[in-house]
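Asks: Take a look at this one; I'll ask things after.
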Amino acid sequence: MGKKITNPVIELLNRHRSVRKYRSEPVADEMVEAIIEAAGRAATSNFIQAYSVIRVRNTAIRKQIARLAGPQEWVETSPVFMVFCADLNRPKNACILEDTRMDAGYTEQFIIATVDVSLMAQNAMIAAESLGLGGVYIGGIRNDPQTVCDLLKIPDHVYPVFGLCLGFPLREQEQKPRMPVSMVLKEEIYHEDEPDLSAYNRTCEGYYRHRSRGARQDTWTGQISRMMDRPSRPHMREFLNRKGFEFK
Ligand SMILES: Cc1cc2nc3c(=O)[nH]c(=O)nc-3n(C[C@H](O)[C@H](O)[C@H](O)COP(=O)(O)O)c2cc1C
175 MGKKITNPVI
185 ELLNRHRSVR
195 KYRSEPVADE
205 MVEAIIEAAG
215 RAATSNFIQA
225 YSVIRVRNTA
235 IRKQIARLAG
245 PQEWVETSPV
255 FMVFCADLNR
265 PKNACILEDT
275 RMDAGYTEQF
285 IIATVDVSLM
295 AQNAMIAAES
305 LGLGGVYIGG
315 IRNDPQTVCD
325 LLKIPDHVYP
335 VFGLCLGFPL
345 REQEQKPRMP
355 VSMVLKEEIY
365 HEDEPDLSAY
375 NRTCEGYYRH
385 RSRGARQDTW
395 TGQISRMMDR
405 PSRPHMREFL
415 NRKGFEFK
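This is how it looks when you write it as structure tokens:
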């Protein structure tokens, strides 16, 4: 193995952890604007920019979203909470302006919009971390996506993909280990026999046993197999169909 390559951007990426506890210090609106501007520089499929971000300040609405998402108290208490939406409403308006019809409801359009918003959200996370903030995504909003749509007046052809809490981290915390590059990066073809999951299990077991908060006995395969052995938000298909994502 050659010398490890690094630079300030790679170091920032390698420092990531999800942050759920924040100092009370507010986040300036200018910071949020800079974060969303940088987020929007992400590559976007066909230049479609199929996303909208809803910043939620209303405490009563945040309380309701925090409850349906878990409950997850950080949705209520974080200095900034935003909902990232896959948005095909704007392309629909583009078609109206051009006096054409949007041939909607394709699975591919769903993928395009979901990937677009995810790429820009990760840019937002990195931009936030570069400013000393920490954050956590909130997939939990998909526990009850219809209520999120009702609360935030999200129209058809738009769906809330995840939330993002941001704020200045309350404390330093351990990093969750990731799979080594040797497991993720496969040469030429998909090598089914790799990876050695037991080695990664031992790494995760050590992390869970020794972490300063919420220590427990667990492994990666144990955690993932428990997750994969139960229904995964089975309401999502019907919800998406109703919102105009029909999986044609
Ligand atoms: C799309 C997405 C949704 C997530 N949803 C939640 C969530 O609802 N609540 C939460 O506490 N963490 C959530 N997370 C954070 C993951 O649990 C976290 O990234 C993972 O455990 C790895 O930990 P790390 O980010 O600290 O390295 C989500 C992450 C992603 C990418």
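Convert by adding 174 to the 1-based position in the sequence shown; the result is the number in our numbering. A virtual CB, placed ideally from N, CA and C, is assigned to each residue, including glycine.
(1) Across the stretch 231 to 251 and the stretch 375 to 382, are there enough close Cβ pairs to call them in contact, namely three or more that are closer than 8 Å?
(2) Evaluate Met410 with the Cβ neighbour count: other Cβ atoms within 10 Å of its Cβ, from every protein chain shown; 16 or more gives buried, anything less gives exposed.
(3) Take the Cβ of Glu303 as the centre, count every other Cβ of all protein chains shown within 10 Å, and call the residue buried at 16 or more, exposed below.
(4) What's the gap between the Cα of Ile398 and the Cα of Pro253?
(5) Using a Cβ distance threshold of 8 Å, determine whether the stretch 237 to 252 contacts the stretch 332 to 341, with at least three qualifying pairs required.
(6) Compute the distance between the beta-carbons of Val227 and Gly309, then report whether it is under 8 Å.
(7) If contacts are defined as beta-carbon pairs under 8 Å, then Gly314 and Ala243 qualify, I think. What distance do you get, rounded to the angstrom?
(8) Let me know the beta strand (DSSP E) ranges lying completely inside the stretch 313 to 377, each 3 residues or longer, listed in chain order.
(9) For Asp324, count neighbouring Cβ atoms within 10 angstroms of its own Cβ and tell me buried if that reaches 16, exposed if not.
(10) Considering only DSSP beta bridges, list what Arg236 is partnered with.
(11) Please report how far the alpha carbon of Asp290 lies from the alpha carbon of Pro319, in whole angstroms.
(12) Ignore the nearest five residues each way along the sequence and tell me which others in Arg385's own chain have a CB closer than 7 Å to its CB.
(13) Could you give the residue range of the beta strand (DSSP E) that holds Ile228?
(14) Does at least one heavy atom of ligand 1 sit under 7 Å from the Cβ of Val308?
(15) Does DSSP classify Met205 as helix, strand or coil?
Replies: So, from the data block:
(1) no
(2) exposed
(3) buried
(4) Each residue's CA atom was taken as its position, placing Ile398 and Pro253 some 31 Å apart.
(5) yes
(6) Not in contact: Val227 and Gly309 (Cβ atoms no closer than 8 Å).
(7) 3 Å
(8) 332 to 341
(9) Exposed is the call here.
(10) Note: Arg236 sits in no beta bridge, so no partner.
(11) Roughly 19 Å separates the two Cα atoms.
(12) Once the five neighbours on either side are set aside, the close Cβ partners of Arg385 are Glu348.
(13) Element bounds for Ile228: 225 to 229.
(14) Per the sequence shown, the amino acid found at residue 308 is Gly instead of Val. Incorrect: Gly308 has no Cβ contact closer than 7 Å to ligand 1.
(15) Met205 sits in a helix when the DSSP states are folded into three classes.
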